[in-house]
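Q: Below you will find the structure I want to go over with you.
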Amino acid sequence: MTMGSMEKLLKKLKKYRIEVVILTIAFLIAIVSLLIFLNTYQKTDEEIQDFSLRPSSFEEQVGGQAKIYIDVSGSVNKPDSYEASNGIRLKDLIKKAGGLSDSADKSFFARNFNLARIVSDQEKIYVPSVWEVGNGYFVENQQMLDYNSPGRGIASNAPTDNKININSATIEELDTLPGVGKVTAQKIIDNRPFGALEELLNKKIVNKSVFENIKDLITI
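Residue numbering for the sequence shown follows this note's numbering, starting at 1 and increasing by one per position.
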């Protein structure tokens, strides 16, 4: 390029310097915007891929079942608080506790405990001994009483003096109820007073199976 051509080019650049500056800035902005877009798109794509590889909440629940804790005491060989998988049956829980001990009233247990029942979290399972049943600390399930001896069933449930008053009982007294541990007993105390036994269900303090087991042993 000759000197004359260079001078002409410089004159044109000076004449249109504002336009040149604007075009240069616009070009730089376009380049920066493109780089930002590409970077953002790449991150979004990586996040989508990462999310697709994560197990869903359902898969996590199935893959790693939630744990529950149950207090097993009374006439079992290994009384303790046990960690178990959600949905465990009473039969399997009793096995965890070493089975029934020699002092257990096995006949009473077979009549009144449903081994196929699914155990709930924070539940208390108490297995009575022969002595405890013989001395009246535990009574037959109402259905068993009516089936075996209707007259005895009516007589046994007529007095209410031996029933536990959920509006005034201590945490220790409530703890003796089948399926009720100290945690549930404290919930009962915290939700007093009760106008009806069914409030234990309505306030979700105990589940239906526990309520069925204790409703004939409590009063208000």
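Each residue gets a CB set at the ideal place from its N, CA and C atoms; glycine is no exception. This structure is a prediction, so every number in the text was calculated from the model and none was measured.
Going straight from the alpha carbon of K187 to that of R89, what length do you get?
A: Here residue 187 corresponds to residue number 187 of the sequence shown, with the count starting at 1. Here residue 89 corresponds to residue number 89 of the sequence shown, with the count starting at 1. Cα-Cα distance, rounded: 24 Å.
Q: Who are the Cβ neighbours of P150 in its own chain at under 6 Å, not counting the five residues just before and after it?
A: The sequence position of residue 150 within the sequence shown is 150, counting from 1. Per-residue confidence for P150 stands at a pLDDT of 45, beneath the threshold of 50, marking its modelled position as unreliable; no derived number is given.
Q: At which residue ranges does the segment 104 to 140 contain complete beta strand (DSSP E) runs of 3 or more residues, listed in the order of the chain?
A: Taking only runs of at least 3 residues, the beta strand (DSSP E) segments lying wholly in the segment 104 to 140 are 124 to 127.
Q: Look up Y221 in the DSSP assignment and give the residues it is bridged to.
A: One cannot answer for residue 221 here, as it falls past the ends of the chain, which runs 1 to 220.
Q: Out of curiosity, what's the CA-to-CA distance linking L38 and F27?
A: Locating residue 38 in the sequence shown gives position 38, counting from the first residue. Locating residue 27 in the sequence shown gives position 27, counting from the first residue. Taking the straight line from one Cα to the other gives about 17 Å.
Q: Consult DSSP for I205 and reduce its assignment to one of helix, strand or coil.
A: Counted from its first residue, the sequence shown places residue 205 at position 205. Three-state result, I205: coil.
Q: How would you write the range of the beta strand (DSSP E) that D71 sits in, first residue to last?
A: Translated into positions along the sequence shown, residue 71 becomes position 71. Per DSSP, D71 belongs to the beta strand (DSSP E) from 67 to 74.
Q: Quick one, which of N213, V210, G134, L217 has its alpha-carbon nearest E173's?
A: In the sequence shown, the residue the question calls residue 173 occupies position 173. When only C-alpha atoms are compared, the closest one is L217.
Q: Where does L23 fall in DSSP's three states?
A: In the sequence shown, residue 23 corresponds to position 23, counting from 1. Three-state result, L23: helix.
Q: How long is the line joining the alpha carbons of N207 and K78, rounded to whole angstroms?
A: Within the sequence shown, residue 207 is the residue found at index 207, counting from 1. Within the sequence shown, residue 78 is the residue found at index 78, counting from 1. Computed Cα separation, rounded: 26 Å.
Q: Considering only residues of the same chain and omitting the five flanking positions on each side of S81, which have a CB-CB separation below 8 Å?
A: For the purposes of this step, residue 81 is identified with residue 81 of the sequence shown, where counting begins at 1. Cβ within range, chain order: Y69, I70, D71, V72.
Q: Helix, strand or coil, according to DSSP, for N162 in the structure here?
A: Along the sequence shown, one-based indexing puts residue 162 at 162. Reduced to three states, the DSSP call for N162 is coil.
Q: Distance, Cα to Cα, F108 vs K215?
A: Indexing the sequence shown from 1 puts residue 108 at position 108. Indexing the sequence shown from 1 puts residue 215 at position 215. One C-alpha to the other measures close to 19 Å.
Q: Could you give the DSSP three-state label for V210: helix, strand or coil?
A: Taking the first residue of the sequence shown as position 1, residue 210 is located at position 210. V210 falls in the helix class under three-state DSSP.
Q: Considering only residues of the same chain and omitting the five flanking positions on each side of P193, which have a CB-CB separation below 6 Å?
A: Reading the sequence shown from its first residue, position 193 is the one you call residue 193. Only N167 meet the Cβ criterion.
Q: In chain order, what residues of the same chain lie with their CB nearer than 7 Å to the CB of P178, ignoring the 5 residues before and after it?
A: Counting from one through the sequence shown, the residue named residue 178 turns up at place 178. Same-chain partners within the cutoff: Y126, N213, I214.
Q: Helix or strand or just coil, what does DSSP make of I88?
A: Taking the sequence shown and counting its residues from 1, one reaches residue 88 at position 88. If DSSP states are grouped into helix, strand and coil, I88 belongs with coil.
Q: Compare the beta carbon distance of Q122 and V183 with 8 Å and say whether it is the shorter of the two.
A: For the purposes of this step, residue 122 is identified with residue 122 of the sequence shown, where counting begins at 1. For the purposes of this step, residue 183 is identified with residue 183 of the sequence shown, where counting begins at 1. Yes. Within cutoff.
Q: Bridge partners of E199, per DSSP?
A: Position 199 of the sequence shown, counted from the start, is the residue given in the question as residue 199. BP columns for E199 are empty, so no partner.
Q: Based on DSSP bridge pairs, tell me the residues matched to L100.
A: For the purposes of this step, residue 100 is identified with residue 100 of the sequence shown, where counting begins at 1. Note: L100 sits in a beta bridge opposite V76.
Q: Between which two residues does the alpha helix (DSSP H) holding F220 run?
A: Within the sequence shown, the letter at position 220 stands for residue 220. One point to set straight first is that residue 220 is Ile, not Phe, in the sequence displayed. Looking at the DSSP string, I220 is not in any alpha helix (DSSP H), and its letter there is neither H nor E.
Q: Please classify G18: is it buried, with 16 or more other beta-carbons within 10 angstroms of its beta-carbon, or exposed?
A: For the purposes of this step, residue 18 is taken as the residue at position 18 of the sequence shown. Looking at the sequence shown, residue 18 is not Gly but Ile. It counts as exposed.
Q: By Cβ distance, which residues of its chain are closer than 6 Å to A97, with the 5 residues on each side in sequence left out?
A: Position 97 of the sequence shown holds residue 97. Same-chain partners within the cutoff: V72, V76, K78.
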